[in-house]
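Count the sequence shown with numbering that gives the first Met the number 0 and you get residues 0 to 214, in order. Beta carbons: idealized from backbone N, C-alpha and C, even for Gly.
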Amino acid sequence: MRLSSEMPGAADTKDSTCMPETVSIATDLFQEEETGKKLQVQCLRIVSPESPAKLYCCYAVIAVLAAAVIALSVALSERPVNKTCGPCHTTCPRDWVGFGSKCFYFSEDLRSWTFSQTSCMAQEAHLARFDSLEELNFLKRHKGDSDHWIDLYRESPEHSWRWTNNTEYNNLVPIRGEGECVYLSDNGISSGRGYTYRKWICSKPQLSFTRASGF
Numbered sequence: 000m001r002l003s004s005e006m007p008g009a010a011d012t013k014d015s016t017c018m019p020e021t022v023s024i025a026t027d028l029f030q031e032e033e034t035g036k037k038l039q040v041q042c043l044r045i046v047s048p049e050s051p052a053k054l055y056c057c058y059a060v061i062a063v064l065a066a067a068v069i070a071l072s073v074a075l076s077e078r079p080v081n082k083t084c085g086p087c088h089t090t091c092p093r094d095w096v097g098f099g100s101k102c103f104y105f106s107e108d109l110r111s112w113t114f115s116q117t118s119c120m121a122q123e124a125h126l127a128r129f130d131s132l133e134e135l136n137f138l139k140r141h142k143g144d145s146d147h148w149i150d151l152y153r154e155s156p157e158h159s160w161r162w163t164n165n166t167e168y169n170n171l172v173p174i175r176g177e178g179e180c181v182y183l184s185d186n187g188i189s190s191g192r193g194y195t196y197r198k199w200i201c202s203k204p205q206l207s208f209t210r211a212s213g214f
């Protein structure tokens with residue numbers, strides 16, 4: 000009888016120790032099942048009909064960009080470098096003033112007309128000439144209060160006024176006085192004796208230079 004009374008206790012003990020294992024196993028199976036479902040969904044997304052279209056689109060974009068880069072590289076490599084001159088610029092030497100296409104030098108010293116011409120020639124220039132009223136007014140503005148020799152002269156009062164390049168003066172502005180050499184004064188254009196000391200104005204074409212451009 001004692002033996003039979005102990006058996007149920009042993010069975011109860013066995014059942015009580017097995018319950019947690021059963022629950023744990025069921026829980027693990029449930030988690031594995033959920034994980035499997037998630038993986039299945041991910042796999043379905045990967046192999047879904049929509050994904051190849053997206054991949055093809057990406058491939059197409061990459062191919063187009065690669066072709067554009069290659070075409071641009073070829074175009075740049077074949078494009079010749081422009082070694083011709085860029086825009087031309089003009090400049091005047093130091094202490095010279097530019098106006099139009101000419102450079103002008105206003106002296107500080109006073110010399111005769113002949114010496115003034117020689118001084119200009121030493122600078123690869125000549126006494127100033129003007130081709131228009133605008134140019135003449137520019138010279139008058141910049142000369143200040145002093146008289147300045149310019150390039151006009153004549154051999155005698157019976158001869159016409161000429162520039163030293165042997166071009167006859169067009170009488171754009173009348174010349175006052177009875178002298179043989181011309182200078183700019185506050186009264187306009189006057190003439191006087193060439194040996195008189197005055198300041199002078201030299202003129203020459205502006206220097207032209209070009210800037211090379213790379214492309």
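Cα-Cα separation between residue i and residue j, rounded to whole angstroms
i: W148; j: F129; result: 13 Å
i: Y194; j: E179; result: 10 Å
i: C201; j: P156; result: 25 Å
i: T113; j: Y104; result: 16 Å
i: L109; j: F137; result: 21 Å
i: T124; j: S106; result: Checking the sequence, you will find Ala at residue 124 rather than Thr. Taking the straight line from one Cα to the other gives about 13 Å.
i: A65; j: V96; result: 56 Å
i: L171; j: S131; result: 8 Å
i: P92; j: R197; result: 23 Å
i: R153; j: W199; result: 17 Å
i: D144; j: H158; result: 30 Å
Closer than 7 Å: residue i CB and nearest the ligand HEM heavy atom
i: R175; result: Only the bare structure without any ligand can be found here, which leaves the ligand HEM out of the picture.
Counterpart residues of residue i in DSSP-defined beta bridges
i: P204; result: K101
i: T90; result: L206
i: W162; result: For W162, which the question treats as bridged, DSSP gives no partner whatsoever.
i: Y152; result: R161, C180
i: E123; result: According to DSSP, which records beta bridges pairwise, E123 is partnered with nothing at all.
i: E107; result: DSSP, once it has assigned bridges, lists no residue as partnering E107.
Local conformation of residue i per DSSP, three classes
i: V96; result: strand
i: V181; result: strand
i: R140; result: helix
i: E133; result: helix
i: W112; result: helix
i: S255; result: Here the chain has residues from 0 to 214 only, and residue 255 is not among them.
i: I174; result: coil
i: S23; result: Legend: pLDDT at S23 = 47, less than 50; position of this residue unreliable, value from coordinates given subsequently. Of the three classes helix, strand and coil, the one that applies to S23 here is helix, per DSSP.
Proximity of residue i and residue j at Cβ, strictly below 8 Å
i: D215; j: W162; result: Within the shown structure, residues of the chain are numbered from 0 to 214, placing residue 215 beyond reach of any answer.
i: S72; j: P204; result: no
i: Y168; j: D146; result: no
i: I174; j: S184; result: no
i: L206; j: T117; result: no
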